[in-house]
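> Numbering (our numbering), first residue to last: 61 to 287.
Every residue gets a Cβ at the ideal spot worked out from N, C-alpha and C, and that includes glycine.
Bear in mind that the values here come from a model prediction, so they are computed numbers and not experimental data.
Quick one: structure below, then a few questions.
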């Protein structure tokens, strides 16, 4: 959740405010370049949504495996003494290793999607910047635009796409935060169902000061006393 609130949300705000501010600056200087920036900017969020649908399902599976592994590991630690006495500790070690391998495979799948999405977003941003540079260069060559506004737009073009590219790198941290939050809210919103015993009545709880066991004994089937 820390990465979601400290990285993804601030970068999302910057990815909206900075390009809009740049468009207000570029349009009065060069109308055509402003339209090129306006048309190419949505490509990065669109690809982020397409990739995010895959990454979100993988991240949810990763968190489910992590929660299952954590619960199982806690159960094994709590019953480690009993497992040692019964000689079943090796089997549980193998089971923990199996769950750890599943978590590793799912983590590598999430990282694979993250690297591929980062590469795709970088390519889109680079191609968009190149389109702006090419159209300005051609117009500058034929005298359709002056040098000063052309240089101004060329300097602003990489900075225009920079917040969107940074949002792509923070996107998977946001997906991990959403997956963790959905799990937390699922626990908070779950209702505890208490089955009522037939014939029972909800009366006052009896106040018992103490419980005593006197002359209580127990033994194993072979006759050895246990208590």
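In whole angstroms, give me the CA-to-CA distance for residue 120 and residue 276.
Start at 1 with the first residue of the chain shown, and residue 120 comes out as number 60. Start at 1 with the first residue of the chain shown, and residue 276 comes out as number 216. CA-CA distance, residue 120 to residue 276, rounds to 52 Å.
> Just grab the DSSP bridge partners of residue 284 for me.
Here residue 284 refers to the residue found at position 224 when the chain shown is read from its first residue. Paired residue(s): none; residue 284 is not in a bridge.
> In the DSSP assignment, the alpha helix (DSSP H) including residue 94 goes from what residue to what residue?
In the chain shown, the residue the question calls residue 94 occupies position 34. Segment 91-100, the alpha helix (DSSP H) holding residue 94.
> Within 10 angstroms of its Cβ, does residue 289 collect 16 or more other Cβ (buried), or is it exposed?
Nothing about residue 289 can be reported from this structure: the residues present for the chain run from 61 to 287 only.
> Short of 8 Å in beta carbon distance, which residues of its chain neighbour residue 195, apart from the five on each side in sequence? Order them along the chain.
Against the chain shown, residue 195 aligns to sequence position 135. So the list reads 92, 93, 96, once near-sequence residues are dropped.
> Tell me the rounded alpha-carbon separation between residue 154 and residue 117.
Position 94 of the chain shown, counted from the first residue, corresponds to residue 154. Position 57 of the chain shown, counted from the first residue, corresponds to residue 117. If I take the Cα positions, the gap works out to 27 Å.
> Looking at the C-beta of residue 76, does it have a partner C-beta in chain D at a distance below 8 Å?
Any reference to chain D falls outside this structure, which holds one protein chain only.
> Would you mind reading off the limits of the alpha helix (DSSP H) that contains residue 149?
As a first step, residue 149 is located in the chain shown; it is residue number 89 there, counting from the start. Taken as a continuous stretch (DSSP letters only), the alpha helix (DSSP H) holding residue 149 covers 149-201.
> Can you name, in chain order, every residue of its own chain whose Cβ lies under 7 Å from the Cβ of residue 78, other than the five neighbours on each side?
For this step, residue 78 is matched to residue 18 along the chain shown. The residues are 223.
> Using a threshold of 8 Å, state whether the C-beta atoms of residue 173 and residue 104 are closer than that.
As a position in the chain shown, residue 173 is number 113, starting the count at 1. As a position in the chain shown, residue 104 is number 44, starting the count at 1. The answer is no: Cβ separation not under 8 Å.
> Over what stretch of residues does the alpha helix (DSSP H) that includes residue 145 continue unbroken?
Here residue 145 corresponds to residue number 85 of the chain shown, with the count starting at 1. Element bounds for residue 145: 140-146.
> By Cβ distance, which residues of its chain are closer than 8 Å to residue 108, with the 5 residues on each side in sequence left out?
Translated into positions along the chain shown, residue 108 becomes position 48. Contacts found: 177, 181, 227, 228, 231.
> Using the C-alpha atoms, what's the distance from residue 192 back to residue 57?
Nothing in the structure corresponds to residue 57, since the chain is present only between 61 and 287.
> Taking DSSP as the reference, what is the three-state secondary structure of residue 279?
Here residue 279 refers to the residue found at position 219 of the chain shown. The answer is strand: DSSP assigns residue 279 an E or B state.
> Look at the alpha carbon of residue 122 and the alpha carbon of residue 215, and state the distance between them as a whole number of angstroms.
Against the chain shown, residue 122 aligns to sequence position 62. Against the chain shown, residue 215 aligns to sequence position 155. Looking at the two C-alpha atoms, the distance is approximately 42 Å.
> Could you name the residues of the same chain whose beta carbon sits closer than 8 Å to that of residue 152, not counting the 5 residues immediately before and after it, in chain order?
The count along the chain shown starts at 1 and reaches residue 152 at position 92. Within the same chain, residue 152 has close Cβ partners 136, 143.
> Tell me whether residue 84 is buried or exposed, calling it buried when 16 or more other Cβ atoms sit within 10 Å of its Cβ.
In the chain shown, residue 84 corresponds to position 24, counting from 1. By the 10 Å Cβ count, residue 84 comes out exposed.
> Measure from the alpha carbon of residue 179 to the alpha carbon of each residue in 88, 82, 111, then state which is nearest.
Numbered from its first residue, the chain shown carries residue 179 at position 119. Nearest C-alpha to residue 179: 111.
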